[in-house]
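Here the structure comes first, spelled out in structure tokens, and everything after it is commentary.
Protein chains in written order, with this note's numbering: chain X, 1 to 485; chain L, 486 to 568.
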């Protein structure tokens with residue numbers, strides 16, 4: 001834009017005097033006009049104040065003095081006074097060039113919008129969205145059809161055999177061979193997992209999520225759940241990372257950055273790690289409990305209960321600023337396919353750069369664990385709590401692997417079920433404990449990256465004990481009431 | 486509630502009746518952060534406002550946009566009801 005179009009907003013006289021006094025004191029280069037810097041100083045913009053502190057060594061005191069003087073002069077906060085002047089100016093300009101057409105109040109758009117925000121219609125509507133968007137499209141189509149195709153027809157039959165023979169012919173050192181193409185190798189497990197399992201699941205999820213996002217549904221959902229979320233220390237805004245967590249909790253942990261306070265980010269991260277099952281894991285749990293509707297209902301109720309109770313307690317314990325909710329409700333729109341595809345692609349790209357290295361890292365971890373025998377040792381240790389919650393000791397392997405690949409753990413239980421080693425009760429207890437159990441290693445590393453080492457480890461230790469405690473409690477309740485599922 | 490409505494017909498958004506039109510009269514934010522949020526959504530004196538919904542959150546039309554806020558923020562916005 002050419003400079004001549006820049007409009008100079010005039011403020012009230014006293015404000016203009018403070019501004020020109022500030023401008024006169026500024027000597028450093030800020031790459032924006034001195035007037036803009038002076039305005040930001042009066043509004044006490046944190047970043048600019050820090051910058052000015054750093055750059056204006058000689059006039060620091062005087063600048064601070066002018067801010068105080070200006071604040072005393074006005075009975076309202078300065079950012080309020082300045083916003084008012086700007087609004088007046090903006091109204092003047094828009095009044096000259098805009099004409100407003102009266103909207104017909106009962107357009108289809110506004111009827112649907114109101115229905116989505118109605119507390120009685122909104123709930124069932126959410127269930128519909130989850131059923132078709134998440135279960136049918138991501139679960140059945142993405143995690144089922146696409147994963148099967150990529151795993152069996154691309155990786156197991158083409159990519160892996162080629163890579164295995166390539167590595168075995170070029171590298172003649174057994175441990176290195178294992179690291180690259182062993183059962184848990186970087187190529188055979190890390191890459192296969194990332195491309196054949198994660199890619200189709202998150203791609204379908206991001207696609208569905210982008211559609212939901214572009215319609216403008218999420219702010220309406222946020223406004224519906226805000227009061228409930230306040231009880232667990234979050235605001236309605238947190239619905240976005242939490243819904244995303246149903247796709248991939250690792251990615252959702254990154255998205256907690258959008259929450260305004262540290263307190264909300266910590267609570268959301270904890271709930272994502274503990275009680276939000278990701279799409280890969282949910283797929284297998286549906287498979288395990290699919291023929292036991294009562295078991296599925298118990299699983300769902302326990303997970304929702306844990307989500308609410310732990311959130312409630314976390315909100316009670318955690319200090320910090322209470323959440324506040326404000327959000328624009330944009331008009332409902334029909335999404336454009338091109339935008340959806342572009343969004344899905346950009347997210348996938350970003351996701352792969354952030355998460356693929358972690359899968360490679362996981363492969364190295366397992367490799368080290370097996371090489372040193374730590375793995376077998378851990379399996380033995382895990383057998384104690386496993387027996388405590390009434391599961392056969394063979395389930396120990398499934399739990400340990402569940403940490404490295406959340407769905408792998410559930411798949412381990414699937415094998416035990418097929419072998420007839422698990423009763424209905426044991427299946428339900430196993431699924432509950434595994435859902436709550438430590439997140440996958442990618443998510444653990446992301447927790448540490450986002451929340452710091454101390455908090456990341458503390459959360460994991462809590463989750464480790466808590467998941468078995470809940471499993472134990474459920475098994476005792478089954479015993480007490482002679483329940484058989 | 487006596488005292489909530491003063492003589493000039495100015496009420497907080499929480500007391501406003503649904504579908505009632507008015508203009509933002511003034512803000513009574515409890516701190517800087519709350520004020521900043523209200524300024525961010527453009528809830529400044531003189532702006533036309535219509536309350537659309539009170540439960541589970543406060544939804545209103547402000548100027549040409551719609552916003553949802555919680556009770557704490559809604560209590561800080563005072564509206565002069567149009568006759």
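Backbone N, C-alpha and C fix where the C-beta goes; we use that ideal spot for every residue, glycine too.
Cβ pair residue i, residue j closer than 9 Å
i, j, result
"residue 414(X)", "residue 287(X)", "yes"
"residue 257(X)", "residue 450(X)", "yes"
"residue 435(X)", "residue 275(X)", "yes"
"residue 442(X)", "residue 348(X)", "no"
"residue 422(X)", "residue 392(X)", "yes"
"residue 332(X)", "residue 142(X)", "no"
"residue 164(X)", "residue 181(X)", "yes"
"residue 455(X)", "residue 437(X)", "no"
"residue 401(X)", "residue 390(X)", "no"
"residue 34(X)", "residue 23(X)", "yes"
"residue 211(X)", "residue 340(X)", "yes"
"residue 425(X)", "residue 483(X)", "yes"
"residue 241(X)", "residue 273(X)", "no"
"residue 14(X)", "residue 517(L)", "no"
"residue 549(L)", "residue 225(X)", "no"
"residue 433(X)", "residue 461(X)", "no"
"residue 496(L)", "residue 532(L)", "no"
"residue 187(X)", "residue 147(X)", "no"
"residue 137(X)", "residue 203(X)", "no"
"residue 505(L)", "residue 566(L)", "yes"
"residue 79(X)", "residue 519(L)", "no"
Contact list for residue i against chain X, beta-carbon separation under 7 Å
i, result
"residue 563(L)", "Ordered by position in chain X, no residue passes the 7 Å Cβ test against residue 563(L), which lies about 14 Å from the chain."
"residue 522(L)", "324, 326"
"residue 544(L)", "117, 223, 329"
"residue 529(L)", "83, 84, 87"
"residue 517(L)", "77"
Beta-bridge pairing of residue i - partner residues as DSSP gives them
i, result
"residue 131(X)", "Note: residue 131(X) sits in no beta bridge, so no partner."
"residue 327(X)", "553(L)"
"residue 538(L)", "544(L)"
"residue 571(L)", "Because chain L here runs from 486 to 568, residue 571(L) falls outside it and cannot be looked at."
"residue 452(X)", "In DSSP, residue 452(X) forms no bridge with anything."
"residue 533(L)", "508(L)"
Residues that residue i contacts on chain L, provided the C-beta gap is smaller than 9 Å
i, result
"residue 328(X)", "526, 550, 551, 552, 553"
"residue 106(X)", "Those do not exist, as residue 106(X) stays about 13 Å from chain L at its closest Cβ, beyond 9 Å."
"residue 227(X)", "540, 541, 542, 555, 556"
"residue 185(X)", "The premise fails here: residue 185(X) is roughly 50 Å from chain L at the closest Cβ pair, so nothing lies under 9 Å."
"residue 320(X)", "The contacting residues do not exist; residue 320(X) stays about 13 Å from chain L at best."
"residue 295(X)", "Here the premise fails: no neighbours, minimum Cβ distance about 32 Å."
Interface partners of residue i on chain X, CB under 9 Å
i, result
"residue 538(L)", "114, 117, 118, 223"
Residue range of the unbroken alpha helix (DSSP H) whose run includes residue i
i, result
"residue 397(X)", "395 to 404"
"residue 320(X)", "First-last for residue 320(X): undefined, no H or E at that position."
"residue 56(X)", "From DSSP, residue 56(X) is part of no alpha helix (DSSP H); its letter is neither H nor E."
"residue 252(X)", "249 to 255"
"residue 200(X)", "199 to 215"
"residue 69(X)", "60 to 73"
"residue 37(X)", "34 to 42"
"residue 13(X)", "13 to 25"
"residue 273(X)", "262 to 275"
"residue 520(L)", "517 to 526"
"residue 424(X)", "424 to 436"
"residue 388(X)", "374 to 388"
"residue 169(X)", "160 to 170"
"residue 113(X)", "108 to 117"
Residue i CB to nearest heavy atom of the ligand HEM below 8 Å
i, result
"residue 180(X)", "Of ligands this structure carries none, so the ligand HEM is not represented either."
Beta strand (DSSP E) segment containing residue i, residue limits
i, result
"residue 495(L)", "495 to 497"
"residue 563(L)", "562 to 566"
Contacts that residue i makes with chain X (C-beta to C-beta distance below 8 Å)
i, result
"residue 558(L)", "324, 325, 326"
Under 8 Å from the C-beta of residue i: neighbouring residues of chain L
i, result
"residue 219(X)", "553"
"residue 311(X)", "Here the premise fails: no neighbours, minimum Cβ distance about 17 Å."
> Taking one C-beta from the region 369 to 379 of chain X and one from the region 353 to 361 of chain X each time, how about it: are there three or more such pairs within less than 8 Å?
Replying inline: no
> Does the region 526 to 536 of chain L come close enough to the region 75 to 90 of chain X to have 3 or more Cβ pairs within less than 8 Å?
Replying inline: yes
> Should the region 175 to 193 of chain X be called in touch with the region 361 to 372 of chain X, which here means at least 3 C-beta pairs below 8 Å?
Replying inline: yes
> Do the region 143 to 157 of chain X and the region 212 to 227 of chain X meet, that is, are 3 or more Cβ pairs less than 8 Å apart?
Replying inline: Touching, no.
>> When you compare the region 319 to 327 of chain X with the region 550 to 560 of chain L, are there three or more beta-carbon pairs, one atom per stretch, that lie closer than 8 Å?
In response: yes
> If you pair each beta-carbon of the region 528 to 545 of chain L with each one of the region 495 to 503 of chain L, do three or more pairs fall below 8 Å?
Replying inline: yes
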